[in-house]
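Notes follow the structure.
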Amino acid sequence: MKTLVIITHPNMETSRVNKAWRDELQKHGEITVHELYAAYPDEKIDVAREQKLIEAHDRIIFQYPLYWYSSPPLLKKWFDDVLQYGWAYGTPDASKTAGKEIGVAISTYGTEASYQPSGFNRFTLQELLRPVEALAHFISADYLPHFSLSDVSNLTDERLAQSRLDYIRHIQSVKPVAAARV
Ligand SMILES: Cc1cc2nc3c(=O)[nH]c(=O)nc-3n(C[C@H](O)[C@H](O)[C@H](O)COP(=O)(O)O)c2cc1C
1328 MKTLVIITHP NMETSRVNKA WRDELQKHGE ITVHELYAAY PDEKIDVARE QKLIEAHDRI
1388 IFQYPLYWYS SPPLLKKWFD DVLQYGWAYG TPDASKTAGK EIGVAISTYG TEASYQPSGF
1448 NRFTLQELLR PVEALAHFIS ADYLPHFSLS DVSNLTDERL AQSRLDYIRH IQSVKPVAAA
1508 RV
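Listed below in structure tokens is the structure:
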């Protein structure tokens, strides 16, 4: 199982969580780490390069800080540019993403309790990530349970250190949920 982690953070210099996660990932030679804002400072995505990267991996994790209940904009552009008709979907041989596993790793300012139906943010992270789940289904990939770290403004060094390890364990052991869904 070859894993690619695509990190989209517009401000890695000021990041605490996503930078720590990236540093942990980089200790694992079997995981490919790809940072979109570093690769494309002008935001012009090399579609052929990205498609080759996807084709070369089985499990793709999109890692980002939650921005307005969604992702930073370069990831939306990546979806728009890279997941092309005739490559990811639409024609009989457009199956380059079929059978891939797709997951998300996100950090949030909001607490875990706030991401509940009765909480301040009203929706769970699983619900807010439905667009990525739907996208995975559309391109015939299997969606994975997400990994998250909440309440980042109250994050102790200990909780961050634990989360680095939990993240790697998650990436190495997570299984698709699609089959269990009704
Ligand atoms: C433009 C912007 C929008 C944000 N929107 C949300 C949001 O919708 N929900 C949330 O919980 N946190 C939100 N945040 C907080 C970030 O998710 C948080 O700062 C980030 O996860 C911390 O990760 P880092 O240390 O890697 O930067 C937002 C931050 C910014 C700058």
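Count along the sequence shown from 1, add 1327, and you get the number used in my numbering.
All residues carry an ideal CB built from backbone N, CA and C; glycine is no exception.
Please read these numbers as outputs of a predicted model, since none were measured by experiment.
Residue i burial status per 10 Å Cβ neighbour count (16 or more: buried)
| i | result |
| --- | --- |
| residue 1395 | exposed |
| residue 1468 | buried |
Check: residue i C-beta below 8 Å from any heavy atom of ligand 1
| i | result |
| --- | --- |
| residue 1393 | yes |
| residue 1346 | yes |
| residue 1376 | no |
| residue 1479 | yes |
| residue 1343 | yes |
| residue 1433 | yes |
Contacting residues, own chain, Cβ-Cβ under 7 Å from residue i (five flanking each side not counted)
| i | result |
| --- | --- |
| residue 1446 | 1440 |
| residue 1338 | none |
Cβ neighbours of residue i in the same chain (closer than 6 Å, five flanking residues each side left out)
| i | result |
| --- | --- |
| residue 1333 | 1361, 1389 |
In chain order, what are the residue ranges of uninterrupted alpha helix (DSSP H) at least 4 long that sit wholly in the region 1357–1412? 1363–1366, 1374–1382, 1400–1409
Using 8 Å as the threshold, is the region 1355–1372 in touch with the region 1414–1421, meaning 3 or more CB pairs across them? no
Under 8 Å: do the region 1420–1438 and the region 1451–1467 share three or more Cβ pairs, one atom per stretch? yes
Runs of alpha helix (DSSP H) lying entirely within the region 1445–1497, each at least 4 residues, in chain order: 1452–1455, 1457–1465
Can we say the region 1496–1505 touches the region 1403–1416, given the rule of at least three CB pairs closer than 8 Å? no
Check whether the region 1340–1354 touches the region 1401–1409, counting contact only when three or more Cβ pairs, one atom from each stretch, lie closer than 8 Å. no
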